[in-house]
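Undergrad: Before I ask anything, let me first share the structure, which is written out below as structure tokens.
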Amino acid sequence: MFRPCIDLHEGKVKQIVGSTLTEDTAELQTNFVSERPASWYAEIYKRDGLQGGHLILLGPGNEEAARQALGVYPGGLQVGGGINANNAKSWLEAGASHIIVTSFVFQRGLLDWDRLKGLVDAVGKERLVLDLSCRRRDADYFVVTDRWQKFTDLTISRATLEQLAGYCDEFLIHAADVEGLCRGIDSGLVEKLAQWTSLPTTYAGGAKSLADLEEVTRVGRSRIDLTIGSALDMFGGSGVRYVDAVAFNRRHLA
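Residue numbers for the sequence shown follow numbering that gives the first Met the number 0, beginning at 0 and rising by one.
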């Protein structure tokens with residue numbers, strides 16, 4: 000299934016090459032900057048009945064735009080980026096269906112179980128999405144934090160996903176090495192996720208055509224959803240028409 004997204008950077012809807020998202024703004028590679036606000040995209044997703052879209056805040060200066068989008072489509076979007084124990088509830092109160100967390104539950108490259116359990120106590124596992132976005136190192140995929148620049152010691156594996164399934168409602172996993180490049184998905188990672196996950200899981204990274212959505216559905220055994228960003232026509236891409244992605248979902252549900 001197709002999952003929509005809204006990526007916010009400096010208050011604007013953008014599509015960015017994920018591996019270039021560092022503190023050095025001179026290195027940032029941007030594929031698309033929208034003239035429309037985040038709330039416009041939220042209205043489109045609401046109109047078409049798309050649930051579970053990811054509203055991601057890439058750095059500061061995005062809160063107002065994010066809250067406007069949540070106000071348009073309360074309960075229809077998940078929000079991530081800078082989420083912590085202090086602000087998690089406020090995002091749910093603003094209309095997010097779930098909060099998405101990565102960096103907050105890691106300290107010095109290690110998973111901080113106390114922080115994770117505290118977050119679950121605060122909002123409930125049914126409102127929590129763990130973002131286990133990763134980069135490949137040798138044969139393994141390691142979870143990365145802090146704009147996908149810092150490797151943790153946690154690998155994506157059956158054991159990892161089984162253990163963390165008790166603390167969240169869904170997983171979100173970006174293949175950071177191919178994110179925003181529109182050169183095709185990491186099929187090997189999708190296949191592993193389909194074998195290992197027991198929870199709804201969304202893969203993001205590299206999608207370039209509707210064939211990628213078909214492949215994720217097939218290889219993922221209908222367990223894995225796909226986020227399409229830079230290839231989508233509503234984000235300036237030419238690989239996938241938004242109306243075709245919506246039609247795919249409707250056929251799949253039927």
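Cβ coordinates follow ideal geometry from the N, Cα and C atoms, glycine included.
Sorted by chain position, which residues of the same chain lie with C-beta nearer than 7 angstroms to A95's C-beta, five sequence neighbours on each side aside?
TA: If we look at A95 and ignore the five residues flanking it on each side, its Cβ neighbours are L69, L76, Q77 and V78.
Undergrad: What is the DSSP secondary structure of L49, reduced to helix, strand or coil?
TA: L49: coil per DSSP, three-state reduction.
Undergrad: In the DSSP assignment, find the unbroken beta strand (DSSP E) run with L171 in it and report its ends.
TA: Per DSSP, L171 belongs to the beta strand (DSSP E) from E169 to H173.
Undergrad: Using three-state DSSP, classify G79 as helix, strand or coil.
TA: Of the three classes helix, strand and coil, the one that applies to G79 here is strand, per DSSP.
Undergrad: Can you list, in chain order, the residues of its chain with a C-beta nearer than 7 angstroms to that of V189? Leave out the 5 residues immediately preceding and following it.
TA: Once the five neighbours on either side are set aside, the close Cβ partners of V189 are Y202, V215, V218, G219 and I223.
Undergrad: With burial defined as no fewer than 16 other Cβ atoms inside 10 Å of the residue's Cβ, what is the status of D145: buried or exposed?
TA: Exposed.
Undergrad: Mapping the DSSP letters down to three states, classify T101 as helix, strand or coil.
TA: Coil at T101, not helix or strand.
Undergrad: Check whether the Cβ atoms of V104 and L91 lie closer than 8 angstroms to each other.
TA: Taking 8 angstroms as the Cβ cut-off, V104 and L91 do not qualify as a contacting pair.
Undergrad: Is D111 helix, strand or coil when you go by DSSP?
TA: In the structure shown, D111 sits in coil (DSSP, three-state: anything other than H, G, I, E or B).
Undergrad: Among S156, Q14 and W112, which residue has its Cα nearest to the Cα of S197?
TA: Nearest of S156, Q14 and W112 to S197, Cα basis: S156.
Undergrad: Can we say the stretch 222-242 touches the stretch 80-89, given the rule of at least three CB pairs closer than 8 angstroms?
TA: Short answer: they don't touch.
Undergrad: Answer with buried or exposed for A206, where buried requires no fewer than 16 other C-beta atoms within 10 angstroms of its C-beta.
TA: Flag for A206 reads buried.
Undergrad: Look at R2 and T159 and say whether their C-beta atoms are less than 8 angstroms apart.
TA: Not a contact, by the Cβ cut-off of 8 angstroms.
Undergrad: Hey, which unbroken runs of the beta strand (DSSP E) at 3 residues or more fall wholly within the stretch 141-199?
TA: Runs of the beta strand (DSSP E) inside the stretch 141-199: 149-154 and 169-173.
Undergrad: Between which two residues does the beta strand (DSSP E) containing V128 stretch?
TA: Note, V128: beta strand (DSSP E), L127 to D130.
Undergrad: Would you tell me roughly how many angstroms separate the C-alpha atoms of V16 and G179, rounded to the nearest one?
TA: Looking at the two C-alpha atoms, the distance is approximately 4 angstroms.
Undergrad: Which residues does DSSP pair with L54 in a beta bridge?
TA: Per DSSP, I5 and V78.
Undergrad: Determine the DSSP secondary structure at Y44, reduced to helix, strand or coil.
TA: Here Y44 sits in helix by DSSP.
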